[in-house]
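Residue numbers (this note's numbering), protein chains in the order written: chain A, 1 to 167; chain B, 1 to 134.
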């Protein structure tokens, strides 16, 4: 069976009311994640939520030919990498999977627990799995700073990896 | 790292690989060598619970009963740089009278290979040890 055919998209939502501000764009083209401003003195949340839409074998893949089945992507997780200069303000990164529950709680992803594992596709009944039958999972991410966060050079820095296993 | 594919040599000398067989359909007792193969190297485990890289044997004096051979690939996709890295994992699940064990060779690149030993009590991990093989 073919390997998982993962494709990755992002879009920008308002953290005020959840409205879409910028539509879906492939991470192939959109390599900058922009969360907007956060008040590090008073504490608070980022202007924007960055939403990831993670597909396995998305319908467009076959370009109109009959849909095929790819392997499931299992043990899916989002991992944060924080450089030393930004570690003193963590946790600052929060994520939630809204595939099933759009009101689910944001959880912190930090150096103490670097992986966000509450990921599930909307066609999957298996925890951590995005099925190879045009399944997808949606993850929302935002920045949240505590009051008096000491941000060097007025910035926080990190990178994000999406990890999965297959046979 | 280039795509590695797994291969199996059975006890009667038949060679099978990822393109022609499904691992779950091969009985554990039939497997003599199970390994990933690149252009330069073979990384794997045999039915005596010895791990190997080419002719170099890593004998950890394992004595348990083999339950099954397993392999999986772990993909790490950078969402910001759109680059992908694949890590190849191959190993065995085993048991003795008291505990279950999982031994994994983790092949990150041709020159970066780890060995992970895990001990489980009723499915819960109770001990873990990682050794660098290369």
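Note that CB positions come from ideal geometry on N, CA and C, so glycine has one too.
Simplified DSSP state of residue i, which is helix, strand or coil
{"i": "residue 60 (chain A)", "result": "helix"}
{"i": "residue 107 (chain B)", "result": "strand"}
{"i": "residue 21 (chain A)", "result": "strand"}
{"i": "residue 71 (chain A)", "result": "coil"}
{"i": "residue 56 (chain B)", "result": "strand"}
{"i": "residue 23 (chain B)", "result": "helix"}
{"i": "residue 28 (chain B)", "result": "helix"}
{"i": "residue 66 (chain B)", "result": "strand"}
{"i": "residue 87 (chain A)", "result": "helix"}
{"i": "residue 121 (chain A)", "result": "coil"}
{"i": "residue 137 (chain A)", "result": "strand"}
{"i": "residue 28 (chain A)", "result": "coil"}
{"i": "residue 43 (chain A)", "result": "coil"}
{"i": "residue 6 (chain A)", "result": "strand"}
{"i": "residue 16 (chain A)", "result": "coil"}
{"i": "residue 36 (chain A)", "result": "coil"}
{"i": "residue 7 (chain B)", "result": "strand"}
{"i": "residue 113 (chain A)", "result": "coil"}
{"i": "residue 159 (chain A)", "result": "strand"}
{"i": "residue 122 (chain B)", "result": "coil"}
{"i": "residue 135 (chain B)", "result": "In this structure chain B extends from 1 to 134, so residue 135 (chain B) is not present and cannot be described."}
{"i": "residue 82 (chain A)", "result": "coil"}
{"i": "residue 44 (chain B)", "result": "strand"}
{"i": "residue 108 (chain A)", "result": "strand"}
{"i": "residue 165 (chain A)", "result": "strand"}
{"i": "residue 114 (chain B)", "result": "strand"}
Rounded Cβ spacing between residue i and residue j (contact assumed at less than 8 Å)
{"i": "residue 90 (chain A)", "j": "residue 46 (chain A)", "result": "That pair is no contact at about 15 Å."}
{"i": "residue 48 (chain A)", "j": "residue 40 (chain A)", "result": "About 16 Å separates the two Cβ atoms, so there is no contact after all."}
{"i": "residue 54 (chain A)", "j": "residue 160 (chain A)", "result": "In fact, because the Cβ distance is near 12 Å, the residues do not count as touching under 8 Å."}
{"i": "residue 43 (chain A)", "j": "residue 110 (chain A)", "result": "With a Cβ gap of about 16 Å, residue 43 (chain A) and residue 110 (chain A) do not count as contacting."}
{"i": "residue 199 (chain B)", "j": "residue 115 (chain B)", "result": "Residue 199 (chain B) cannot be examined here, being either before or after the span of chain B that is shown, 1 to 134."}
{"i": "residue 34 (chain B)", "j": "residue 8 (chain B)", "result": "5 Å"}
{"i": "residue 158 (chain A)", "j": "residue 79 (chain B)", "result": "Going by Cβ atoms, the distance from residue 158 (chain A) to residue 79 (chain B) rounds to 11 Å, so no, they are not a contact pair."}
{"i": "residue 53 (chain B)", "j": "residue 113 (chain B)", "result": "7 Å"}
{"i": "residue 71 (chain B)", "j": "residue 90 (chain B)", "result": "5 Å"}
Same chain, Cβ closer than 7 Å to residue i, five either side skipped, listed in chain order
{"i": "residue 171 (chain A)", "result": "No information on residue 171 (chain A) is available, as it lies outside the stretch 1 to 167 that chain A covers here."}
{"i": "residue 169 (chain A)", "result": "Because chain A here runs from 1 to 167, residue 169 (chain A) falls outside it and cannot be looked at."}
{"i": "residue 135 (chain A)", "result": "56, 121, 122, 123 and 124"}
{"i": "residue 184 (chain A)", "result": "Outside the modelled stretch of chain A, which goes from 1 to 167, sits residue 184 (chain A), for which no answer is possible."}
{"i": "residue 82 (chain A)", "result": "90, 111 and 158"}
{"i": "residue 87 (chain A)", "result": "111"}
Proximal residues to residue i (C-beta, below 6 Å), its chain only, five neighbours per side dropped
{"i": "residue 21 (chain A)", "result": "12 and 14"}
{"i": "residue 74 (chain B)", "result": "87"}
{"i": "residue 93 (chain B)", "result": "67, 68 and 102"}
{"i": "residue 76 (chain B)", "result": "85"}
{"i": "residue 49 (chain B)", "result": "62"}
{"i": "residue 145 (chain A)", "result": "38, 40, 43 and 92"}
{"i": "residue 108 (chain B)", "result": "87"}
{"i": "residue 1 (chain A)", "result": "71"}
{"i": "residue 100 (chain B)", "result": "120"}
{"i": "residue 26 (chain A)", "result": "9"}
Sequence-distant residues of its chain with Cβ nearer than 8 Å to residue i (five each side left out)
{"i": "residue 10 (chain B)", "result": "16, 26, 30, 31 and 32"}
{"i": "residue 19 (chain B)", "result": "5"}
{"i": "residue 147 (chain A)", "result": "41, 42 and 43"}
{"i": "residue 65 (chain B)", "result": "94, 95 and 96"}
{"i": "residue 30 (chain A)", "result": "10"}
heavy atom of the ligand FMN below 7 Å from residue i C-beta
{"i": "residue 73 (chain B)", "result": "What this structure holds is no ligand at all, so the ligand FMN is not there to describe."}
Counting Cβ pairs closer than 8 Å, one from the region 97 to 107 of chain A and one from the region 1 to 9 of chain A, do we hit at least three? no
Give the residues from the region 72 to 88 of chain B that approach chain A closer than 7 Å (Cβ to any Cβ), ordered along the chain. 72, 73, 74, 75, 76, 77, 78, 79, 80, 81 and 82
By the 8 Å beta-carbon criterion, what residues does the region 127 to 161 of chain A contribute toward chain B? 159, 160 and 161
For the structure I just gave you, are there three or more beta carbon pairs, one from the region 108 to 122 of chain A and one from the region 22 to 36 of chain B, closer than 8 Å? no
When the Cβ atoms of the region 70 to 88 of chain A are set against those of the region 126 to 137 of chain A, are three or more pairs found closer than 8 Å? yes
Pairs of beta-carbons, one from the region 13 to 22 of chain B and one from the region 38 to 50 of chain B, closer than 8 Å: are there three or more? no
If contact means a Cβ-Cβ distance below 7 Å, which residues of the region 20 to 47 of chain A contact chain B? 27, 28, 31 and 33
Can you give me, in chain order, the residues of the region 71 to 94 of chain A that have a beta carbon less than 7 Å from any beta carbon in chain B? Nothing from the region 71 to 94 of chain A brings a Cβ to less than 7 Å from some Cβ of chain B.
Taking only beta carbons into account, state which residues of the region 92 to 113 of chain A come closer than 9 Å to chain B, listed in chain order. Of all residues in the region 92 to 113 of chain A, none has a Cβ within less than 9 Å of some Cβ in chain B.
Would you list, in chain order, the members of the region 3 to 15 of chain A that have their beta-carbon closer than 7 Å to a beta-carbon of chain B? Result list: 6 and 8.
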